[in-house]
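One structure below.
Protein chains in written order, with our numbering: chain Y, 86 to 383; chain L, 13 to 294.
In structure tokens, the structure reads:
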């Protein structure tokens with residue numbers, strides 16, 4: 086669970102405590118204040134500052150920064166990258182979760198650990214591995230050059246690095262979910278004569294669709310926001326190999342702060358949207374599972 | 013309970029697709045992750061031990077490791093304390109806006125690191141909202157190791173909260189009730205009864221935040237100031253070496269970091285495996 090992409094549901098039950106096993110009102114207020122102050126300083130202020138800095142020079146500068154040709158081409162590249170990387174990792178995530186949750190085999194724990202590998206690797210190193218493979222001095226560098234194929238400092242390198250970094254997200258969201266659901270429903274379907282994809286479409290997918298959706302949108306948010314790995318393989322060619330986060334960096338380093346924060350605000354909105362979808366999914370799952378709500382009623 | 017349904021005694025499953033799904037999983041994993049990562053090991057083995065040692069024992073490289081490991085450690089420590097408080101408050105108390113706060117915790121997962129980097133810098137730089145207040149006190153935050161730690165606190169926050177939260181949620185009231193009946197006061201109950209239950213989760217969260225911090229790049233480069241020997245992190249030094257086409261140097265530095273990350277990953281998996289087993293046998 087190294088991704089941390091675990092959905093936790095706040096249960097009302099745990100918050101409803103008899104007086105003798107909770108803290109005094111004073112202690113509660115102090116703890117809540119500490120928690121809130123910490124979150125304001127570390128999370129909320131930075132978020133607000135993005136919009137305030139972005140509009141510091143007025144709405145004109147804001148929209149001009151977004152309409153800038155370089156910004157638009159960065160947006161296009163970011164979207165293209167996500168459109169390739171996210172479906173690939175989604176198919177992988179479903180396959181991996183199916184194999185791991187529905188069957189027993191040796192080395193399953195090793196496989197789960199290996200899926201976590203990209204989480205443990207620094208984004209810069211994730212980019213480095215592809216430069217070592219496909220860069221000019223890399224293992225396949227000369228062969229690629231001889232055949233006039235450009236992977237590094239071009240779209241394929243960016244897609245590869247992004248796919249590597251976002252590799253575990255869907256799998257990590259689906260594996261615990263499908264493990265918890267067990268195999269009974271699928272086995273019942275199989276014994277009634279359903280075939281492979283029929284079982285998946287009719288039985289498994291309806292059960293996992295919300296978890297899958299969250300995995301996909303989180304994977305997408307990370308794919309669109311990846312900085313370190315993409316920075317290594319992109320070569321920073323303006324208007325060509327700059328993604329949105331790289332474009333933000335360039336503007337920032339050129340002291341065009343308002344423009345930089347304007348582009349950043351797009352990515353903040355993407356992150357907020359991601360979290361809204363997550364909350365919606367949690368609300369759906371809570372509403373859908375009667376056991377849990379019956380539990381909460383006590 | 014979950015264990016009893018998924019643990020089947022039948023050796024063969026009636027479900028289809030085992031070969032296809034496992035085969036594709038292993039193929040995709042190998043092509044995209046294992047083989048590229050193995051490239052680093054192959055490249056490093058091209059260095060003589062002296063060359064390798066010469067690169068990684070360079071004063072600037074050692075300094076960058078120190079910055080990376082120390083700031084990650086302190087950030088993980090801060091998250092350990094505040095993450096526990098936040099998880100505690102979210103699970104056990106009721107207050108307005110709790111749902112909103114809960115979703116805010118995931119922000120560092122969803123927000124691009126570069127955006128976090130520039131916005132934290134904007135606030136904690138000497139002319140920023142908070143930096144302005146801290147400056148008269150003689151406290152410089154941005155462009156010092158403190159700034160790096162701050163960025164890593166942001167990045168690591170969800171790890172501790174999200175690993176502790178479910179454990180805290182599932183904790184039985186009865187144990188606490190018993191402690192109260194035996195005459196234990198609240199603080200003592202916490203220390204003797206609740207905290208021991210949370211330790212595996214706290215350790216996992218700490219290790220996750222620490223591991224993430226060591227490798228973090230995007231949020232740190234803006235706020236760190238990147239002064240060699242002082243505020244230069246190891247991932248940035250890899251980047252610098254790459255820009256100078258010093259592939260061997262970059263690989264050697266990366267190799268040391270990878271080994272540390274792998275050890276941490278194994279530790280984290282071991283911790284989780286242990287706590288899962290405890291849940292099943294309990």
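The beta-carbon is built from N, C-alpha and C at its ideal position, and this holds for glycine as well.
List, in order along the chain, the chain L residues whose C-beta lies closer than 7 Å to that of residue 147 of chain Y?
Start at 1 with the first residue of the first chain, and residue 147 of chain Y comes out as number 62. In chain order: nothing, as chain L lies at least about 15 Å away.
What residues in the segment 197-219 of chain L have a beta carbon less than 7 Å from any beta carbon of chain Y?
198
Simplified DSSP assignment, three categories, for residue 70 of chain L
Counted from its first residue, the second chain places residue 70 of chain L at position 58. Coil at residue 70 of chain L, not helix or strand.
Contacts around residue 160 of chain Y, its chain only, beta-carbon distance under 8 Å, and the 5 residues preceding and following it disregarded
For the purposes of this step, residue 160 of chain Y is taken as the residue at position 75 of the first chain. The answer, listed in chain order, is 329, 351.
Return the residue from the list Y:235, Y:331, Y:297 that minimises the CA-CA distance to residue 233 of chain L.
Within the second chain, the letter at position 221 stands for residue 233 of chain L. Across the set Y:235, Y:331, Y:297, the C-alpha of Y:331 shows the shortest separation from the C-alpha of residue 233 of chain L.
Under a Cβ-count criterion, where at least 16 other Cβ atoms within 10 Å of its own Cβ denotes burial, should residue 32 of chain L be classed as buried or exposed?
Here residue 32 of chain L refers to the residue found at position 20 of the second chain. Burial call: exposed.
Using a beta-carbon distance below 8 Å, is residue 153 of chain Y in contact with chain L?
Locating residue 153 of chain Y in the first chain gives position 68, counting from the first residue. It does not; no Cβ of chain L falls within 8 Å.
Quick one: Cα of residue 42 of chain L to Cα of residue 311 of chain Y, how far?
The residue given as residue 42 of chain L occupies position 30 in the second chain. The residue given as residue 311 of chain Y occupies position 226 in the first chain. Taking the straight line from one Cα to the other gives about 22 Å.
Contact list for residue 113 of chain Y against chain L, beta-carbon separation under 9 Å:
The residue labelled residue 113 of chain Y in the question sits at position 28 within the first chain. Those are 101, 104, 105, 107, listed as they occur along chain L.
For residue 244 of chain L, go through chain Y and note every residue whose CB falls closer than 9 Å to its CB, in chain order.
If you number the second chain from 1, residue 244 of chain L lands on position 232. Chain Y residues near residue 244 of chain L: none, gap ~13 Å exceeds 9 Å.
Is the distance from the Cβ of residue 205 of chain L to the Cβ of residue 188 of chain L below 8 Å?
If you number the second chain from 1, residue 205 of chain L lands on position 193. If you number the second chain from 1, residue 188 of chain L lands on position 176. It is a contact, given that the beta carbons lie within the stated cut-off.
Give me the Cβ distance between residue 200 of chain Y and residue 256 of chain Y, rounded to the nearest whole Å; I'm assuming they're in contact under 8 Å.
Taking the first residue of the first chain as position 1, residue 200 of chain Y is located at position 115. Taking the first residue of the first chain as position 1, residue 256 of chain Y is located at position 171. Sure, about 5 Å apart at Cβ, within 8 Å.
Chain L contact for residue 102 of chain Y (CB, 8 Å cutoff):
If you number the first chain from 1, residue 102 of chain Y lands on position 17. Residue 102 of chain Y counts as touching chain L.
N- and C-terminal bounds of the alpha helix (DSSP H) containing residue 147 of chain Y:
Locating residue 147 of chain Y in the first chain gives position 62, where the first residue counts as 1. Unbroken alpha helix (DSSP H) run through residue 147 of chain Y: 143-152.
Please state whether DSSP places residue 280 of chain Y in a helix, a strand or coil.
In the first chain, the residue the question calls residue 280 of chain Y occupies position 195. Three-state result, residue 280 of chain Y: coil.
Run the CB neighbour count on residue 197 of chain L, radius 10 Å, all protein chains shown included, and call it buried at 16 or more, exposed below.
Taking the first residue of the second chain as position 1, residue 197 of chain L is located at position 185. Exposed, since its Cβ has fewer than 16 Cβ neighbours within 10 Å.
Taking its Cβ as the centre, do 16 or more other Cβ atoms sit within 10 Å of residue 287 of chain Y, making it buried, or is it exposed?
In the first chain, the residue the question calls residue 287 of chain Y occupies position 202. Exposed is the call here.
Where residue 109 of chain Y sits in the DSSP three-state scheme:
Here residue 109 of chain Y refers to the residue found at position 24 of the first chain. Three-state DSSP puts residue 109 of chain Y in coil, outside helix and strand.
List, in order along the chain, the chain Y residues whose C-beta lies closer than 8 Å to that of residue 254 of chain L?
Locating residue 254 of chain L in the second chain gives position 242, counting from the first residue. Per Cβ cutoff of 8 Å: 213, 216, 317.
For residue 162 of chain L and residue 371 of chain Y, what's the separation of their Cα atoms in angstroms?
Counting from one through the second chain, the residue named residue 162 of chain L turns up at place 150. Counting from one through the first chain, the residue named residue 371 of chain Y turns up at place 286. If I take the Cα positions, the gap works out to 35 Å.
Run down chain L in chain order and give the residues with a C-beta less than 9 Å from the C-beta of residue 334 of chain Y.
Mapped onto the first chain, residue 334 of chain Y falls at position 249. Per Cβ cutoff of 9 Å: 126, 129, 130, 230, 233, 234.
Alpha carbon of residue 89 of chain L to alpha carbon of residue 264 of chain L, nearest angstrom
Taking the second chain and counting its residues from 1, one reaches residue 89 of chain L at position 77. Taking the second chain and counting its residues from 1, one reaches residue 264 of chain L at position 252. Rounded to whole angstroms, residue 89 of chain L to residue 264 of chain L spans 28 Å at the Cα level.
Could you work out which residues of chain L lie near residue 172 of chain Y, taking near to mean beta carbons separated by less than 8 Å?
Residue numbering aside, residue 172 of chain Y sits at position 87 when the first chain is read from its first letter. Within 8 Å of the CB of residue 172 of chain Y, no CB atom of chain L is found; the nearest one sits about 13 Å away.
Compute the beta-carbon to beta-carbon distance between residue 188 of chain Y and residue 80 of chain L, rounded to the nearest angstrom, for a pair I have assumed lies under 8 Å.
By one-based count along the first chain, residue 188 of chain Y stands at place 103. By one-based count along the second chain, residue 80 of chain L stands at place 68. The pair is not a contact, with the Cβ atoms about 40 Å apart (cut-off 8 Å).
Whose C-beta lies closer than 8 Å to the C-beta of residue 153 of chain Y among residues of the same chain, with five residues either side of it excluded?
On the first chain, position 68 is the one that residue 153 of chain Y refers to. If we look at residue 153 of chain Y and ignore the five residues flanking it on each side, its Cβ neighbours are 344.
8 Å Cβ cut-off: residues of chain L touching residue 232 of chain Y:
Reading the first chain from its first residue, position 147 is the one you call residue 232 of chain Y. Under the 8 Å cutoff, chain L gives no residues; its nearest Cβ is about 19 Å from residue 232 of chain Y.
With a threshold of 16 other CB atoms inside 10 Å of the CB of residue 62 of chain L, please say whether the residue is buried or exposed.
In the second chain, counting from the first residue as 1, residue 62 of chain L sits at position 50. Classification for residue 62 of chain L: exposed.
State yes or no: is the C-beta of residue 271 of chain Y within less than 8 Å of the C-beta of residue 251 of chain Y?
Within the first chain, residue 271 of chain Y is the residue found at index 186, counting from 1. Within the first chain, residue 251 of chain Y is the residue found at index 166, counting from 1. The answer is no: Cβ separation not under 8 Å.
Contact between the segment 127-139 of chain L and the segment 122-134 of chain Y: three or more CB pairs below 8 Å?
yes
Grouping DSSP H, G and I as helix and E and B as strand, with all else coil, what is residue 322 of chain Y?
For the purposes of this step, residue 322 of chain Y is identified with residue 237 of the first chain, where counting begins at 1. In the structure shown, residue 322 of chain Y adopts coil according to DSSP, grouped into three states.
For residue 236 of chain Y, which of helix, strand or coil comes out of DSSP?
Counting from 1 along the first chain, the entry for residue 236 of chain Y is found at position 151. It is coil, neither helix nor strand.
To the nearest angstrom, how far is it from the Cα of residue 210 of chain L to the Cα of residue 192 of chain L?
Within the second chain, the letter at position 198 stands for residue 210 of chain L. Within the second chain, the letter at position 180 stands for residue 192 of chain L. Going by the C-alpha atoms only, they are around 19 Å apart.
Min CB distance residue 158 of chain Y to chain L below 8 Å:
Counting from 1 along the first chain, the entry for residue 158 of chain Y is found at position 73. Taking Cβ atoms only, chain L never reaches closer than 8 Å to residue 158 of chain Y, which makes this a no.
With a threshold of 8 Å between beta carbons, is residue 55 of chain L in contact with chain Y?
If you number the second chain from 1, residue 55 of chain L lands on position 43. Yes - at least one Cβ of chain Y is within 8 Å of the one on residue 55 of chain L.
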